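See below for the structure under consideration.
Residue numbers (the UniProt record's numbering): 1 to 504.
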C-alpha cells in the first residue's frame, strides 16, 4: 500500500510493505515530524489497492470515471501527478437498479420468452395476437403518463423493434444500472391542460385517437389447387395467363385449356397436335376476349375465347415463340430466333415491325402501363427498353449475369422497371428507365422466374426456382420481405396476377 501526502508543495511517499511498523517518513516535511500539529495541511490521498480489488468493482469504477469524461481504457497507475485536481464522483457503488422507465414484470416476461424455442414463440404470438396489441397500447399509455415518453401512435406489435420502441427493455438482463442523473422535466405539450376534464395528457389523447391498422394476414395455404399434367418444365416459356373475364388459360402439351374461376369449369380451347405442334406461350388481350397462342414452330395464333374459334395465324418467326405481350390492338412476340415482332391484329399479317437487339432467345416481354415502352429480356443476360417509334432500343442494361425472364413495370411510379436474373444471377434489380439509372438490387438466393407488382400497394411478388422453389413478397423501396410462401416441390416457373379490368 502506498500513501501520497502533500504539504506546502513538498511531496513525499511513505510506504508500508507488508506489514509492521506503521507509516514512516520519507523526504522533508513528512507528517510524522512534529506529531501533525503544525499548520493546516492540504491533503490529497489516493489509495490504490489493485491486487485485492474486486474485478466487478473495478469495472464499475471505470464506468464512473467514464462519466467524468476520463479515458476508461487506460489502466489505473500507482503514480499520480502532483498537479492533479481531485475528481468528485457522487454516484454510489451499490447494486440498486434504476426504476426510471423500467417495467420489471414485462421484462421478466420477455426474458422467459427469449428462453423458449422458436416454435413455442410462434405459437404464443399466434394465440395472443389481439392481446399483444392491447398490451403494447397500454404500455405506451403508461409510459406517457408516468415517464413522459410522448408517444402519439401505437407501434405495431408484430415488428421486431417493438420491445425497444415501446418497452425500452434490455434483452440481456432484467435490471439496468445507470449513474444517477437529474430527471428531465416533462414537455409542456405532454402536460394536462388546466381546462381539461380528462386526467390524461395531450400526448396520451393523441395516442388513444390514433388509428389502429388491422393486422395484415397473408394466407400461406392455397385456396385452390389445379391439376396440370404435361405442364412443361421450361424456364423460357410462358404458359399461364389470367383474363379480365376471370378465365385462366394454361398451355398443356399441344392443348390450351380454360378454367373459369366463377364456375370452376374447364374447357379445351384448341389442340395443336393435329399439326404436329405444341404450345409455348399464351397471353390474353386487355379486354379478355382474345387469347394469343405461341407455338413451337414459330406461329402466333389468335383465338376467340367466347366462340372457341381461331381468327388468324401469324407467321414471321423461324423458331418457337416463348413470349407474348399485348398493347391495345398490337401484339408483340419474342422468339428463339432473337427477333421481336410487333403486329396490329386488325391489319394484314404482312404489316409488322422487327426489333433486333438480342443475341439469344427472347424470353420476357412486358409493355409499360402508359403503353409507350416495351421491356424485353433475353438469354443473353440483357434487358432492353424500346419505344413505339424506334427500331433500336432506347435503354440497355447488362448488369444481370443470367437470363432475364422476370420483368415487371411498376403501376405506382412512372418509368420504374423491375427485373430478375436466372440461376447464375439470382438478383432482383430495379431501374429508372427515364434516366437510365440503376436503382436498388438484392440477392434473392435463388433463380428469379417471374415478377408481378401489386396494384394497391407498393409491393412486389417474385417466384423462384433453384433452389428455394418459393414465392416472396417484397416491400418497395426498402426491399424487406413481407411474406414467404412455400409449398411447391419444383420451380415456380409461371406466375399471373388476377386482375379485373373495366369492361368497355
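C-beta atoms are modelled at their ideal positions from N, C-alpha and C, and glycine is treated no differently.
All figures in this text were calculated on a predicted structure; none of them were measured in a lab.
At a cut of 8 angstroms, does the segment 442 to 462 reach the segment 491 to 501 through at least three beta carbon pairs?
Short answer: they touch.
Contact between the segment 361 to 376 and the segment 337 to 352: three or more CB pairs below 8 angstroms?
Segments in contact, yes.
CA-CA distance, residue 400 and residue 354?
Counting from one through the chain shown, the residue named residue 400 turns up at place 400. Counting from one through the chain shown, the residue named residue 354 turns up at place 354. So the alpha carbons of these two residues sit roughly 25 angstroms apart.
Quick check: residue 421 and residue 385, are their CB atoms within less than 8 angstroms of each other?
Position 421 of the chain shown, counting from 1, holds the residue named residue 421. Position 385 of the chain shown, counting from 1, holds the residue named residue 385. In this structure, residue 385 does not lie closer than 8 angstroms to residue 421 by Cβ.
Measure the C-alpha to C-alpha separation of residue 480 and residue 224 and round it to an integer number of angstroms.
Sequence index remark: in the chain shown, residue 480 carries index 480 (1-based). Sequence index remark: in the chain shown, residue 224 carries index 224 (1-based). Rounded to the nearest angstrom, the two C-alpha atoms are 28 angstroms apart.
Would you kindly work out how many angstroms separate the C-alpha atoms of residue 459 and residue 473, rounded to a whole number?
Position 459 of the chain shown, counted from the start, is the residue given in the question as residue 459. Position 473 of the chain shown, counted from the start, is the residue given in the question as residue 473. Going from the Cα of residue 459 to the Cα of residue 473 covers about 7 angstroms.
Considering residue 355, what are the terminal residues of the alpha helix (DSSP H) in which it resides?
The residue given as residue 355 occupies position 355 in the chain shown. Unbroken run through residue 355 is the beta strand (DSSP E), 352 to 356; no alpha helix (DSSP H).
Only counting the same chain, and skipping five residues up and downstream in sequence, which positions put a Cβ closer than 7 angstroms to that of residue 297?
Within the chain shown, numbered from 1, the residue matching residue 297 stands at position 297. So the list reads 277, once near-sequence residues are dropped.
Using a 10 Å radius around the Cβ and a threshold of 16 neighbouring Cβ atoms, would you call residue 306 buried or exposed?
On the chain shown, position 306 is the one that residue 306 refers to. Counting Cβ neighbours within 10 Å, residue 306 comes out exposed, since fewer than 16 surround it.
I'd like to confirm the pairing. Which residues does DSSP put opposite residue 363 in its beta bridges?
Counted from its first residue, the chain shown places residue 363 at position 363. DSSP lists no partner for residue 363.
Can you tell me which of 248, 237, 324, 301 puts its alpha carbon nearest to the alpha carbon of residue 365?
Along the chain shown, one-based indexing puts residue 365 at 365. Measuring from the Cα of residue 365, the nearest candidate turns out to be 324.
How about residue 431 and residue 397: are their beta carbons less than 8 angstroms apart?
Residue mapping note: residue 431 aligns to position 431 of the chain shown, counting from 1. Residue mapping note: residue 397 aligns to position 397 of the chain shown, counting from 1. Yes.
Check whether the Cβ atoms of residue 288 and residue 333 lie closer than 8 angstroms to each other.
Residue numbering aside, residue 288 sits at position 288 when the chain shown is read from its first letter. Residue numbering aside, residue 333 sits at position 333 when the chain shown is read from its first letter. Against a cut-off of 8 angstroms, the Cβ pair of residue 333 and residue 288 comes out as no contact.
Can you give the Cα-Cα distance for residue 267 and residue 437, rounded to whole angstroms?
Translated into positions along the chain shown, residue 267 becomes position 267. Translated into positions along the chain shown, residue 437 becomes position 437. The alpha-carbon atoms of residue 267 and residue 437 are separated by roughly 46 angstroms.
Mapping the DSSP letters down to three states, classify residue 134 as helix, strand or coil.
Taking the first residue of the chain shown as 1, we reach residue 134 at position 134. In this structure, residue 134 counts as helix in the three-state DSSP scheme.
The beta strand (DSSP E) spanning residue 335 covers which residue range?
Taking the chain shown and counting its residues from 1, the one referred to as residue 335 is at position 335. First-last of the beta strand (DSSP E) with residue 335: 330 to 335.
What are the boundary residues of the alpha helix (DSSP H) that residue 204 is part of?
To locate residue 204, count along the chain shown from 1; it is residue 204. First-last of the alpha helix (DSSP H) with residue 204: 202 to 209.
Which whole runs of the beta strand (DSSP E) in the segment 452 to 497 are 3 residues long or more, in chain order?
459 to 464, 471 to 475, 480 to 485, all fully within the segment 452 to 497.
Give the secondary structure of residue 260 by DSSP, where H, G and I count as helix, E and B as strand, and everything else as coil.
Taking the chain shown and counting its residues from 1, the one referred to as residue 260 is at position 260. In the structure shown, residue 260 sits in a strand (DSSP, three-state: E or B).
Between the segment 196 to 212 and the segment 242 to 254, do three or more beta carbon pairs fall short of 8 angstroms?
Because the criterion of three Cβ pairs below 8 angstroms is not met, the segment 196 to 212 and the segment 242 to 254 do not touch.
Judging by CA-CA distance, which residue of 229, 493, 154, 409 is the nearest neighbour of residue 476?
For the purposes of this step, residue 476 is taken as residue 476 along the chain shown, with counting starting at 1. Nearest of 229, 493, 154, 409 to residue 476, Cα basis: 409.
Residue 464: buried (16+ other C-beta within 10 angstroms of its C-beta) or exposed?
Locating residue 464 in the chain shown gives position 464, counting from the first residue. Under this definition residue 464 is a buried residue.
State the beta-bridge partners of residue 223 as determined by DSSP.
Within the chain shown, the letter at position 223 stands for residue 223. Beta-bridge pairing links residue 223 to no other residue.
Could you spell out where the beta strand (DSSP E) holding residue 217 opens and where it closes?
Taking the first residue of the chain shown as position 1, residue 217 is located at position 217. That residue, residue 217, is in no beta strand (DSSP E); it is neither H nor E in DSSP.
In whole angstroms, give me the CA-to-CA distance for residue 144 and residue 153.
As a position in the chain shown, residue 144 is number 144, starting the count at 1. As a position in the chain shown, residue 153 is number 153, starting the count at 1. If you take the alpha carbons of residue 144 and residue 153, they lie about 11 angstroms apart.
Tell me the rounded alpha-carbon separation between residue 510 and residue 308.
Any question about residue 510 goes unanswered here, given that the chain covers just 1 to 504.
Helix, strand or coil: how does DSSP classify residue 39 here?
Position 39 of the chain shown, counted from the start, is the residue given in the question as residue 39. Residue placement at residue 39 is poorly supported in this model, since its pLDDT is 43, which falls under 50; the coordinates still yield a value, given next. Coil at residue 39, not helix or strand.
Taking the CB atoms as reference points, tell me whether residue 322 and residue 257 lie closer together than 8 angstroms.
Against the chain shown, residue 322 aligns to sequence position 322. Against the chain shown, residue 257 aligns to sequence position 257. Not a contact, by the Cβ cut-off of 8 angstroms.
Beta-carbon within less than 6 angstroms of residue 261's beta-carbon, same chain only, minus the 5 sequence neighbours each way: which residues are those?
Here residue 261 refers to the residue found at position 261 when the chain shown is read from its first residue. Within the same chain, residue 261 has close Cβ partners 246.
For the beta strand (DSSP E) that residue 151 lies in, which residues bound it at each end?
To locate residue 151, count along the chain shown from 1; it is residue 151. Looking at the DSSP string, residue 151 is not in any beta strand (DSSP E), and its letter there is neither H nor E.
CB-CB under 6 angstroms to residue 358, same chain, minus the five flanking residues each way: which ones, in chain order?
Locating residue 358 in the chain shown gives position 358, where the first residue counts as 1. Result list for residue 358: 338, 378, 380, in chain order.
Measure from the alpha carbon of residue 414 to the alpha carbon of each residue in 403, 405, 433, then state which is nearest.
Counting from 1 along the chain shown, the entry for residue 414 is found at position 414. Taking only the C-alpha atoms, the option nearest residue 414 is 433.
Using C-beta distances below 8 angstroms, list every residue in its chain close to residue 228, excluding the 5 sequence neighbours before and after it, in chain order.
Position 228 of the chain shown, counting from 1, holds the residue named residue 228. Within the same chain, residue 228 has close Cβ partners 250, 252.
Of the choices 428, 302, 335, whose alpha-carbon is the least far from that of residue 318?
For the purposes of this step, residue 318 is taken as residue 318 along the chain shown, with counting starting at 1. Taking only the C-alpha atoms, the option nearest residue 318 is 335.
Shortest alpha-carbon distance to residue 405 belongs to which of 492, 486, 356?
Here residue 405 refers to the residue found at position 405 of the chain shown. Closest by alpha carbon: 492.
Determine whether the beta carbon atoms of residue 329 and residue 344 lie at a separation below 8 angstroms.
As a working note, residue 329 is residue 329 in the chain shown. As a working note, residue 344 is residue 344 in the chain shown. Contact: yes.
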